[in-house]
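Take a look at the structure below.
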Amino acid sequence: MKNGGLALLSNPTRRVSWCVGLFVLLVALLLNGKVWADGSVRCQLADGFDFPVGKPNAENYYKSRGYWPNGHLGEDWNGKGGGDSDMGDPIYASGRGVVVFSDNIGVGWGNCIIVRHAYRDEAGKISMLDSLYAHLLQRLVKVGQVVEKGQLVGKMGGNNGMYPVHLHFEMRKNLRIGMNRSQFARDNTNYYSPTDFINKHRVLPNSLQKYPIPLGIFAPYGRSLADSRSDGGDDNSVKVPTLRPTLPESGPSADDEDFWSKLRNRLKQGKMTEGVAPQQ
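If you want it as structure tokens, here you go:
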């Protein structure tokens, strides 16, 4: 090993290649999770989605309460041990994405995390959705952080005793919702059935290209978008002058350009992003 290292350093060509490789690695590490001037974080597309408990298939957990439009807008997951035996159990990111919310807002939510995912859908176009993890005992990620599928993001709780211990899990096609669900229609125009979506998107096409994931496009809890724009709000408020992040220098495809144009228009109008809504 020592002789190999000396041979590497004594060879100018290999030394240059080694230095270039190290430089590229360091740059990649530094840029991971960096918030760019346009208010976005670059991230690769999600390569698929798994369940947020008992990864990857919710082993030893059961769905105590399902999703239905105009009713329960997510799924409640419990451990099979019964009672509060699942207190502190690990909660995992359902797919690769960027953390766009991480805070304890109390009320009915408690500790809550939202991860934003970009993925290539069945039609070959890029879509986005938000996954939400609520009532946590502990949050282990921060806004702007890139997370991988199956990465530990928090621990299961019950909102400080307000509820029996469980994970409340949502998947939203409308990126505007944030923590203000009452301002949006409670149906399939804004939400996915989490289990249906995951089962239909277990494995997805991916590439090394990174795409800009916009931050700060929903209002803080209990406030409107207009309020958050007027004073800057907090770390999760709308304070980005444009909702269309700059695409990577490598150049987007025609579909990608079309996606960002539609995303900008839909967000300005408070509408959902493109996606495939499971029929209930």
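The numbering of the sequence shown is the numbering used here, which starts it at -18 and goes up by one.
Just so it is clear, CB atoms sit at the ideal spot from N, CA and C, and this is done for glycine as well.
Considering only their Cβ atoms, is the gap separating G139 from H147 smaller than 8 Å? yes
What are the boundary residues of the beta strand (DSSP E) that D84 is part of? 78 to 85
Pull up the distance between the alpha-carbon of Y114 and that of S75, whole angstroms please. 10 Å
Put V195 into one of helix, strand or coil per three-state DSSP. The sequence as given places Pro at residue 195; Val does not occur at that position. In the structure shown, P195 sits in a strand (DSSP, three-state: E or B).
What does DSSP give as the partner residue(s) for Y48 in the beta ladder? According to DSSP, Y48 bridges with nothing at all.
Leaving out the 5 sequence neighbours to the left and right, which residues in its chain are closer than 8 Å to S188 when beta-carbon positions are compared? Q25, L26
Selected residue, minimal CA-CA separation from K130, among R153, Y172, R157, L185: L185
Check whether the Cβ atoms of V16 and V127 lie closer than 8 Å to each other. no
When you compare only the Cα positions, how much space is there between S66 and G60? 7 Å
Can you have a look at G203 and say buried or exposed, based on whether 16 or more other CB atoms are within 10 angstroms of its CB? exposed
If you draw a straight line from the alpha carbon of I179 to that of S205, how long is it in whole angstroms? 31 Å
Nearest-angstrom Cβ-Cβ length linking Y100 and H182, presumed shorter than 8 Å: 7 Å
By the 10 Å Cβ neighbour count, where 16 or more other Cβ atoms means buried, how is K316 classified, buried or exposed? The structure shown does not extend to residue 316, since the chain is modelled only from -18 to 261, so the question has no answer here.
Measure the beta-carbon distance from M152 to P175 and round it to whole angstroms, keeping in mind my assumption that it falls under 8 Å. 5 Å
What I want to know is whether the C-beta of S108 ends up closer than 7 Å to one or more non-hydrogen atoms of the ligand SAM. The ligand content of the structure shown is nil, which means the ligand SAM is not present either.
Can you check which of these residues, A104, H53, G52, P71, is closest to N41 by C-alpha distance? P71
Should T223 go down as buried or exposed, given a rule of 16 or more other Cβ atoms within 10 Å for buried? At T223 the pLDDT is 31, less than 50, meaning the model places this residue with poor confidence and gives no usable figure here.
Residues sharing a beta bridge with L110, DSSP: H98
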